[in-house]
Amino acid sequence: MMMMIIWFHLTDRGYDGKYVLLGDTNARNRRIEEATSKATAFVDSSSPLSPFSPTDGALGNRNPSFDPYPRSDQPLAFPSRFWSSVLEAVAAEERCARAGGEIVRSREIGRFARMARVTATGVPEKFQSIQLQEEFDTFDCDVHMFPDLQYLKKRSKIIEIVSVKDVIFVVAQSGLCAAFSRTTNKRICFLNISPGEIIRSIFYNKNDESLITVSVYASDHFSSLKCRTTPIEYIRRNQLDAGCPLFETESIKWPGFVEFCDMNCKILIYSSQDGTYKVFDLKNYSLLYSICDKDIVDIKISPSMMLLVYQRTLGHVPLKILSIEDGKVLKSFNHSLHRNKKVDFIEQFNEKLLLKQENENLQILDVWNSDLIEVSRTEFMTPSAFIFLYEKHLFLTFRNRTVAVWNVRGEPVASFEDHLLWHPDCNTNNIYITTDLDLIISYCKAENVCHDEGEVPSVGSINVGDILTGKCIAKICPLDPHLQIGPRKRGDAGRSTIGSTIKEALENVTALFYDEDRNEIYTGNEQGLVHVWSKPHISRDNLPACL
Numbered sequence: 003m004m005m006m007i008i009w010f011h012l013t014d015r016g017y018d019g020k021y022v023l024l025g026d027t028n029a030r031n032r033r034i035e036e037a038t039s040k041a042t043a044f045v046d047s048s049s050p051l052s053p054f055s056p057t058d059g060a061l062g063n064r065n066p067s068f069d070p071y072p073r074s075d076q077p078l079a080f081p082s083r084f085w086s087s088v089l090e091a092v093a094a095e096e097r098c099a100r101a102g103g104e105i106v107r108s109r110e111i112g113r114f115a116r117m118a119r120v121t122a123t124g125v126p127e128k129f130q131s132i133q134l135q136e137e138f139d140t141f142d143c144d145v146h147m148f149p150d151l152q153y154l155k156k157r158s159k160i161i162e163i164v165s166v167k168d169v170i171f172v173v174a175q176s177g178l179c180a181a182f183s184r185t186t187n188k189r190i191c192f193l194n195i196s197p198g199e200i201i202r203s204i205f206y207n208k209n210d211e212s213l214i215t216v217s218v219y220a221s222d223h224f225s226s227l228k229c230r231t232t233p234i235e236y237i238r239r240n241q242l243d244a245g246c247p248l249f250e251t252e253s254i255k256w257p258g259f260v261e262f263c264d265m266n267c268k269i270l271i272y273s274s275q276d277g278t279y280k281v282f283d284l285k286n287y288s289l290l291y292s293i294c295d296k297d298i299v300d301i302k303i304s305p306s307m308m309l310l311v312y313q314r315t316l317g318h319v320p321l322k323i324l325s326i327e328d329g330k331v332l333k334s335f336n337h338s339l340h341r342n343k344k345v346d347f348i349e350q351f352n353e354k355l356l357l358k359q360e361n362e363n364l365q366i367l368d369v370w371n372s373d374l375i376e377v378s379r380t381e382f383m384t385p386s387a388f389i390f391l392y393e394k395h396l397f398l399t400f401r402n403r404t405v406a407v408w409n410v411r412g413e414p415v416a417s418f419e420d421h422l423l424w425h426p427d428c429n430t431n432n433i434y435i436t437t438d439l440d441l442i443i444s445y446c447k448a449e450n451v452c453h454d455e456g457e458v459p460s461v462g463s464i465n466v467g468d469i470l471t472g473k474c475i476a477k478i479c480p481l482d483p484h485l486q487i488g489p490r491k492r493g494d495a496g497r498s499t500i501g502s503t504i505k506e507a508l509e510n511v512t513a514l515f516y517d518e519d520r521n522e523i524y525t526g527n528e529q530g531l532v533h534v535w536s537k538p539h540i541s542r543d544n545l546p547a548c549l
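For the sequence shown, my numbering gives the first residue as 3, with consecutive numbering after it.
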């Protein structure tokens, strides 16, 4: 599966935020500061990591200690998260997904490729009789193992979930990362190897079956990103010392970043100190080549190629296409621009270049034969995000909570009938696209859920939509009378204790993942809880409850 997600307009990390627009440095800085000011409001001023001195009041002097929600002068961590389905993280989550390091760009939304695949045939049956089966608490009483870093003990929302070989990995916004076993339904371990480590993002490398953590550390004042790889089997046995650091010679400080590209099996690292981009092999972490050019303002990754975007002039933007395998220049050209109009986005989609300026038509340019298609600005309005489905030559756009499907000619293919997203800016942590690129699973607004007068709705539903038709084929909704908590036997040590009701489990969902092998949906919420939604395991004991 090949897919890429592009976010514009920056938001608050985890994927709560909007992403920066291409080439607009001032706008980028403004958005970073806006998102940062929002995020710091959630930090306890008495914490040693608070951005404000506790004696200075709400607007006091900056504490020299690190702010887990970084300021614009600190490195950002770009949530690494998948890339065979990916989040090309925008030109701009663009280097900004917030965290205390640079940017960890990468994001799969359908995650890594798998052998077992979900197809549209029989899909409704796959999601029938779904129940709430398990509940895991990331912030339970055992978090006292971090006495030196009290901030990790403070409850915060789940921002990332990845499931690998019956192990569920979750990252909280505070920087705590935990692994849970679906075999025992108990926590295996915390992946923070020291009290001073704040994990910003995780990435599953299927090439060596390891988990890469991207972190910042108190030992260097949280100033740079550090990567570490640990085999899944060793994590399963809680042998974290079997992991080893990566890229130790690289200095990844703001505005540097690291980006994982699963579809091309590459890692891109940008060092801001010397303005050098380095491409590594994801199979063995060896350096392939370097690109040193301070005029590059962004790099877009597509199957087998990279698009280098240079600083625009008044009348055009210089572009260069490289082979991602060896860095060889395949084509250099200039694309004409309307003077004095900002660029909303520039994206590479297979052999097509998508470009739109403010209040102008969408341009779709074939980079090899220069054929140009224009789509009226009234038909195609600038979205907040894209998801590119490379193998199907389709792309999804997200705007004002709605999703639409387009082909490479800029023609609408489908719009979704019942898929109103929960987050207005499209939070990718709450979206999953299957490896066959046929289904989209999202956290959406729930219909007809009653609330007290004046109460802000907090309960949503998990909707499954068909990408080609836009039809809603399944839904996990709090109003479904058949939706219940999976039955369990008294004293069953193999099951977790569920303290939430169905409604509470569907409140304020902040992260979502679909395990295609197990046919299970995992959700995380603002309280740091993780819920498992799946069909019941039919045994002699629970057969009556399943009928």
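The beta carbon of each residue, even a glycine, is placed where N, CA and C say it ideally should be.
Computed from a predicted model, the values in this text were never measured in an experiment.
Span separating the alpha-carbon of residue i from that of residue j
i: G530; j: I366; result: 43 angstroms
i: I487; j: Q135; result: 6 angstroms
i: I293; j: F129; result: 47 angstroms
i: D300; j: L270; result: 12 angstroms
i: R379; j: F141; result: 48 angstroms
i: N2; j: N336; result: Nothing about residue 2 can be reported from this structure: the residues present for the chain run from 3 to 549 only.
i: A220; j: S253; result: 16 angstroms
i: F347; j: Q359; result: 7 angstroms
i: Y272; j: E506; result: 42 angstroms
i: T499; j: P459; result: 27 angstroms
i: S417; j: V166; result: 32 angstroms
i: R238; j: P538; result: 25 angstroms
i: I443; j: L316; result: 42 angstroms
Residue i: first and last residue of the uninterrupted alpha helix (DSSP H) it sits in
i: R238; result: I234 to R238
i: E2; result: Nothing can be reported for residue 2: it is not among the residues displayed for the chain, which extend from 3 to 549.
i: E506; result: I504 to A507
Assigned exposure category for residue i - 16 Cβ within 10 Å defines buried
i: Q175; result: buried
i: V331; result: exposed
i: D427; result: buried
i: C551; result: Look at the range of the chain in this structure, 3 to 549, and you will see that residue 551 is not part of it.
i: A495; result: exposed
i: G501; result: exposed
i: K394; result: buried
i: D139; result: buried
i: R184; result: buried
i: M383; result: exposed
i: R411; result: exposed
i: E235; result: exposed
i: Q313; result: exposed
i: E419; result: exposed
i: H223; result: exposed
i: K343; result: exposed
i: H533; result: buried
i: L374; result: exposed
i: K477; result: buried
i: W370; result: exposed
Secondary structure of residue i, DSSP reduced to three states
i: K255; result: strand
i: A174; result: strand
i: P426; result: coil
i: R100; result: Because the pLDDT of R100 is 33, which lies under 50, any placement of that residue in the model is unreliable, and the number read from its coordinates should be weighed accordingly. Coil.
i: S183; result: strand
i: Q529; result: coil
i: A244; result: helix
i: Y551; result: In this structure the chain extends from 3 to 549, so residue 551 is not present and cannot be described.
i: I163; result: strand
i: N432; result: helix
i: S158; result: coil
i: A220; result: helix
i: P320; result: strand
i: P414; result: strand
i: E522; result: strand
i: E449; result: coil
i: K268; result: strand
i: W535; result: strand
The ligand GTP heavy atom lying under 6 angstroms from the CB of residue i
i: I326; result: No copy of the ligand GTP appears in this structure; indeed no ligand is present at all.
Terminal residues of the beta strand (DSSP E) in which residue i lies
i: L356; result: K354 to Q359
i: I469; result: Per DSSP, I469 belongs to no beta strand (DSSP E) and is neither H nor E.
i: V299; result: I298 to S304
i: V311; result: M307 to Y312
i: F382; result: No beta strand (DSSP E) holds F382; DSSP gives it neither H nor E.
i: R202; result: E199 to N207
i: F192; result: R189 to F192
i: E362; result: Where E362 is concerned, there is no enclosing beta strand (DSSP E), given that its DSSP letter is neither H nor E.
i: E474; result: Residue 474 is actually Cys in this sequence, not Glu. Here the beta strand (DSSP E) through C474 covers C474 to I478.
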